[in-house]
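>
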Amino acid sequence: MTATITREAPPQGGHNGSPPNQGGHGAGNGPVRPAQPAQPGPSGEQFSMRSIIAPLFAIVIGTFMAILDTTVVNVALPTLGRVFNADLRVLQWVITGYMLAQAAVIPLAGWFSDRFGAKRIYLTAVVLFTLGSVLCAMAPSAELLVVFRVLQGLGGGMLMPVGMSFLYRLAPPEKRGAVMGAFGVPMLLGPATGPVLSGWLLEYSDWRFIFLINLPVGIAALLVGLRSLPVMPAMRAAGKLDSLGVVLGPLAFASLSYGIGESTSAGWTGVTTLTGIGVGVVALVAFIARELTVEHPLLELRVFRNRDFTLAIVTQWLLMAAIFGTFFLIPVFLQQVRGYGSFETGLATLPQALVAALFMPFGGRLFDSIGARPLVVPGLLLAGVALWLLSQITTATTIADLRLPLALMGAGMGLMMMPLGTHVLNSAPRHLISRVTSLSGALQQVVASLAIATYATYLQTRIAAGTAALGGAGAAVGQAGAIGAEGASVAGGQVPPQLAPIFAAAFGDTYRVAMWVVAVAVVFALTLRRRPATHQPAAGPGTSPEPAEVGVHAMAG
Numbered sequence: 373m374t375a376t377i378t379r380e381a382p383p384q385g386g387h388n389g390s391p392p393n394q395g396g397h398g399a400g401n402g403p404v405r406p407a408q409p410a411q412p413g414p415s416g417e418q419f420s421m422r423s424i425i426a427p428l429f430a431i432v433i434g435t436f437m438a439i440l441d442t443t444v445v446n447v448a449l450p451t452l453g454r455v456f457n458a459d460l461r462v463l464q465w466v467i468t469g470y471m472l473a474q475a476a477v478i479p480l481a482g483w484f485s486d487r488f489g490a491k492r493i494y495l496t497a498v499v500l501f502t503l504g505s506v507l508c509a510m511a512p513s514a515e516l517l518v519v520f521r522v523l524q525g526l527g528g529g530m531l532m533p534v535g536m537s538f539l540y541r542l543a544p545p546e547k548r549g550a551v552m553g554a555f556g557v558p559m560l561l562g563p564a565t566g567p568v569l570s571g572w573l574l575e576y577s578d579w580r581f582i583f584l585i586n587l588p589v590g591i592a593a594l595l596v597g598l599r600s601l602p603v604m605p606a607m608r609a610a611g612k613l614d615s616l617g618v619v620l621g622p623l624a625f626a627s628l629s630y631g632i633g634e635s636t637s638a639g640w641t642g643v644t645t646l647t648g649i650g651v652g653v654v655a656l657v658a659f660i661a662r663e664l665t666v667e668h669p670l671l672e673l674r675v676f677r678n679r680d681f682t683l684a685i686v687t688q689w690l691l692m693a694a695i696f697g698t699f700f701l702i703p704v705f706l707q708q709v710r711g712y713g714s715f716e717t718g719l720a721t722l723p724q725a726l727v728a729a730l731f732m733p734f735g736g737r738l739f740d741s742i743g744a745r746p747l748v749v750p751g752l753l754l755a756g757v758a759l760w761l762l763s764q765i766t767t768a769t770t771i772a773d774l775r776l777p778l779a780l781m782g783a784g785m786g787l788m789m790m791p792l793g794t795h796v797l798n799s800a801p802r803h804l805i806s807r808v809t810s811l812s813g814a815l816q817q818v819v820a821s822l823a824i825a826t827y828a829t830y831l832q833t834r835i836a837a838g839t840a841a842l843g844g845a846g847a848a849v850g851q852a853g854a855i856g857a858e859g860a861s862v863a864g865g866q867v868p869p870q871l872a873p874i875f876a877a878a879f880g881d882t883y884r885v886a887m888w889v890v891a892v893a894v895v896f897a898l899t900l901r902r903r904p905a906t907h908q909p910a911a912g913p914g915t916s917p918e919p920a921e922v923g924v925h926a927m928a929g
């Protein structure tokens, strides 16, 4: 069996697999040419994680940089408001602009990879993100900070789908779980490390360093990537760019993300909410119709004809909604109800990520042996127990009381996240991997935004119901209403003592809703094929035969 990495046969004279006219380390590759005859590559038994340490490092630190930056900036919003003398509406765009740029560029990542090569696009994304970070640190005003955050988002939005597609193809099928498990560690450590690092930097250093910390990381990712990332052309020809899809796709996903995000401040009937969601829905319907009929779609929606793929990705959406959608609740509870500072709050949530990072490599390796279902179902059950424990939250709950449920949540996430993600990719046709990672990323962006906005709205509703009899609903909801769709709490201080029990009960009710979402996810997880085929057949018209395979070592050399 050969390793399932595909590429053109290396031309004579090129270094590191790059065509002779590119020279150097093959920083990129041009339009995809027809595949050459296959060459033998290593089997699963011959494959070693050591053979991909350098490219794995380049992709992991680049992705970690982008994920870390999101939560670092969330915590820094009050400080940025004081520095730039800006109001909350402007500051929210520091996060919203980044999120919308990500949502707009994710659908394009697959086509760009197929057209110009994954290595070139990944390194370009690293450069964009790093450059945007430096410019953010130099921003003289809040308005320019928003502009530079958009530049960051354009780079950060491509890092995750392109990096995931890259690593998926770096290992033979029977080792993919282990490789993807290693990739998943920064996905969990980033969001948890961000608040701790941000709190420390803001307390003991200058706000500019929350952006400048990306500079050495970005340079390291770029240098290691230039030297070690193999030139990896598309597994099919990119085809003609779907110009209408390029307009409709980003418009749909960005508008939906914006409209849903506005719901927490403007309400679900607010003008900005309805406008964003309305434009997004119309654009999405037109985009779907376009992608199902055009010869070379931007996102390959025909893959949903595969039952196992559809069940797996729906399970993934429910997981995102139940777990990632509730990430913002603990920080808000600890700060607004219990009165902890941002640094203490960040430390409180760190153990969950550490436990998840501990379990994730084991989950990846077990996936290679037993498949996704035996891991996803227990992982969801652990998450369900954790959510039940969190639903018992009261005004007396301390950080110590949260350690057990957060540890259980982390263990469940570590067991199931990457096995489920790898199962989704394995259920798709192999030559559509770059398009499927873009599709999955774009949809997860919308699902996460919708989940956070829904939980925030429900939380506000429960607070309003509890405080109505006290005549303080308006003030209480106003304080809770600073929870944006990005999960950042930028509200003022601690809630009044007489309202704290009502707030705590509202948080508990919100966790119960998430618990029922997990229950539905378990039902879907039980329908997953126990051991899916390594790859599924072509999804429909407009696809092309898979190119020849060559191994990792032939490719890198």
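Sequential numbering of the sequence shown, starting at 373, is according to the working numbering.
C-beta: ideal position from N, C-alpha, C; glycine also.
Decide yes or no for the touch test of the stretch 824 to 832 against the stretch 768 to 786: beta carbon pairs closer than 8 Å, at least 3 of them.
At 8 Å Cβ cutoff, the stretches do not touch.
> Within its chain, find whatever has a CB closer than 6 Å to the CB of A728; leave out the 5 residues flanking it on each side and keep chain order.
Along the sequence shown, one-based indexing puts residue 728 at 356. Within the same chain, A728 has close Cβ partners L560, G782, M785, G786.
> So, for A758: in the same chain, excluding its five sequence neighbours on each side, which residues have a beta-carbon less than 6 Å away from its beta-carbon?
On the sequence shown, residue 758 is found 386 positions in, with the first residue counted as 1. If we look at A758 and ignore the five residues flanking it on each side, its Cβ neighbours are P777, L780, M781.
> With a threshold of 8 Å, are at least 3 pairs of Cβ atoms found where one atom belongs to the stretch 891 to 898 and the other to the stretch 683 to 693?
Yes, they touch.
> Report buried or exposed for S635, applying the criterion of at least 16 other Cβ atoms within 10 angstroms of its Cβ.
Looking up residue 635 in the sequence shown gives position 263. Answer is buried; the Cβ neighbour count reaches 16.
> What whole-angstrom Cβ distance do M437 and V551 have, given they're in contact under 8 Å?
Locating residue 437 in the sequence shown gives position 65, where the first residue counts as 1. Locating residue 551 in the sequence shown gives position 179, where the first residue counts as 1. Not a contact, Cβ separation roughly 20 Å.
> Helix, strand or coil for G631, going by three-state DSSP, please let me know.
Taking the first residue of the sequence shown as 1, we reach residue 631 at position 259. Here G631 sits in helix by DSSP.
> Which residues bound the alpha helix (DSSP H) around K491?
Walking along the sequence shown from the start, residue 491 turns up at place 119. Element bounds for K491: 490 to 510.
> Just confirm the distance between the C-beta atoms of I835 and G697, as a whole number of angstroms; I'd bet it's less than 8 Å.
Numbered from its first residue, the sequence shown carries residue 835 at position 463. Numbered from its first residue, the sequence shown carries residue 697 at position 325. With 8 Å as the limit, I835 and G697 do not qualify as a contact, their Cβ atoms being about 18 Å apart.
> In its own chain, which residues sit with a C-beta less than 7 Å from the C-beta of V444, not counting the 5 before and 5 after it?
Counting from one through the sequence shown, the residue named residue 444 turns up at place 72. Cβ within range, chain order: G566, L569, S570, I582.
> Check F429 in the structure and name its three-state DSSP category.
Indexing the sequence shown from 1 puts residue 429 at position 57. Three-state DSSP puts F429 in a helix.
> Do the stretch 532 to 540 and the stretch 480 to 497 make contact, defined as three or more Cβ pairs closer than 8 Å?
Touching, yes, given that three or more Cβ pairs across the two stretches are closer than 8 Å.
> Spatial neighbours of G813 within its chain, please: C-beta separation below 7 Å, excluding the five flanking residues on both sides.
Here the question's residue 813 lines up with position 441 in the sequence shown. Within the same chain, G813 has close Cβ partners I478, M532, P533.
> What is the rounded straight-line gap between the Cα of F429 and the Cα of L595?
Translated into the one-based positions of the sequence shown, residue 429 becomes position 57. Translated into the one-based positions of the sequence shown, residue 595 becomes position 223. Cα to Cα, the separation comes out at about 11 Å.
> Spell out a yes or no on whether the stretch 612 to 625 and the stretch 509 to 522 are touching, meaning 3 or more CB-CB pairs, one atom from each, closer than 8 Å.
Not touching, per the Cβ criterion.
> For L842, count neighbouring Cβ atoms within 10 angstroms of its own Cβ and tell me buried if that reaches 16, exposed if not.
Locating residue 842 in the sequence shown gives position 470, where the first residue counts as 1. It is exposed - the Cβ of L842 has fewer than 16 other Cβ atoms within 10 Å.
> Could you give the distance in angstroms between the alpha-carbon of L507 and the alpha-carbon of G525?
Residue mapping note: residue 507 aligns to position 135 of the sequence shown, counting from 1. Residue mapping note: residue 525 aligns to position 153 of the sequence shown, counting from 1. Approximately 13 Å, taken between the alpha carbons.
> Does the stretch 797 to 816 come within contact of the stretch 871 to 879, defined as at least 3 CB pairs closer than 8 Å?
No, the stretch 797 to 816 is not in contact with the stretch 871 to 879.
> To the nearest angstrom, report how far apart L999 and T839 are at their CA atoms.
There is no way to answer for residue 999, as the model of the chain reaches only from 373 to 929.
> Can you say whether I439 is buried or exposed, counting buried as having 16 or more other CB atoms within 10 angstroms of its CB?
Here residue 439 refers to the residue found at position 67 when the sequence shown is read from its first residue. So I439 ends up on the buried side.
> Would you tell me roughly how many angstroms separate the C-alpha atoms of L722 and R710, rounded to the nearest one?
If you number the sequence shown from 1, residue 722 lands on position 350. If you number the sequence shown from 1, residue 710 lands on position 338. Their Cα atoms are separated by approximately 18 Å.
> Rounded to whole angstroms, what is the Cα-Cα separation between L754 and I660?
Position 382 of the sequence shown, counted from the first residue, corresponds to residue 754. Position 288 of the sequence shown, counted from the first residue, corresponds to residue 660. Those two C-alpha atoms are separated by around 36 Å.
> Count the other CB atoms, across all protein chains shown, that sit within 10 Å of the CB of V643; report buried if there are 16 or more and exposed otherwise.
What you label residue 643 is simply residue 271 of the sequence shown in a count that begins at 1. So V643 ends up on the exposed side.
> With a threshold of 8 Å on Cβ separation, who are the neighbours of R737 within its own chain once the five nearest residues in sequence on each side are excluded?
Residue mapping note: residue 737 aligns to position 365 of the sequence shown, counting from 1. Contacts found: G549, A550, G553.
> Could you check whether P558 and G617 sit closer than 8 Å to each other, using their CB atoms as the reference points?
Taking the sequence shown and counting its residues from 1, one reaches residue 617 at position 245. Taking the sequence shown and counting its residues from 1, one reaches residue 558 at position 186. No, Cβ-Cβ distance for G617 and P558 is not below 8 Å.
> Mapping DSSP to helix, strand and coil, what is G795?
Position 423 of the sequence shown holds residue 795. The question names Gly, but residue 795 is His in the sequence shown. It is helical.
> Since L900 and A744 are thought to touch, with beta carbons under 8 Å apart, how far apart are those beta carbons, to the nearest angstrom?
Residue numbering aside, residue 900 sits at position 528 when the sequence shown is read from its first letter. Residue numbering aside, residue 744 sits at position 372 when the sequence shown is read from its first letter. About 6 Å separates the two Cβ atoms, so the contact holds.
> Pick from A655, L573, A490, A725: whose alpha carbon is nearest that of P563?
Indexing the sequence shown from 1 puts residue 563 at position 191. The shortest C-alpha separation from P563 is found at A725.
> In three-state terms, what does DSSP make of N678?
By 1-based counting over the sequence shown, the position of residue 678 is 306. N678: coil per DSSP, three-state reduction.
> Unbroken alpha helix (DSSP H) runs of length 4 or more, entirely within the stretch 692 to 761: which are they?
You should have 701 to 704, 714 to 742.
> Taking only the alpha-carbon atoms, compute the straight-line gap between T717 and A626 and give it to the nearest angstrom.
The residue given as residue 717 occupies position 345 in the sequence shown. The residue given as residue 626 occupies position 254 in the sequence shown. Near 30 Å, if we compare the C-alpha coordinates of A626 and T717.
> Return the first residue and the last residue of the alpha helix (DSSP H) that E515 is part of.
Locating residue 515 in the sequence shown gives position 143, where the first residue counts as 1. It spans 514 to 540 - the alpha helix (DSSP H) in which E515 sits, taken as one unbroken run.
> Between F488 and G650, what straight-line distance do the alpha-carbon atoms span, to the nearest angstrom?
Counting from one through the sequence shown, the residue named residue 488 turns up at place 116. Counting from one through the sequence shown, the residue named residue 650 turns up at place 278. Approximately 34 Å between the Cα atoms of the pair.
> Looking only at its chain, what residues have a beta carbon closer than 6 Å to the beta carbon of A593, apart from the 5 residues adjacent to it on each side?
For the purposes of this step, residue 593 is identified with residue 221 of the sequence shown, where counting begins at 1. The answer, listed in chain order, is A430, I433, G434, V498.
> Could you tell me how far apart the beta carbons of L792 and Q866 are, in whole angstroms, since I believe they sit closer than 8 Å?
Here the question's residue 792 lines up with position 420 in the sequence shown. Here the question's residue 866 lines up with position 494 in the sequence shown. Their Cβ separation, rounded to whole angstroms, is 38 Å, which puts L792 and Q866 out of contact at 8 Å.
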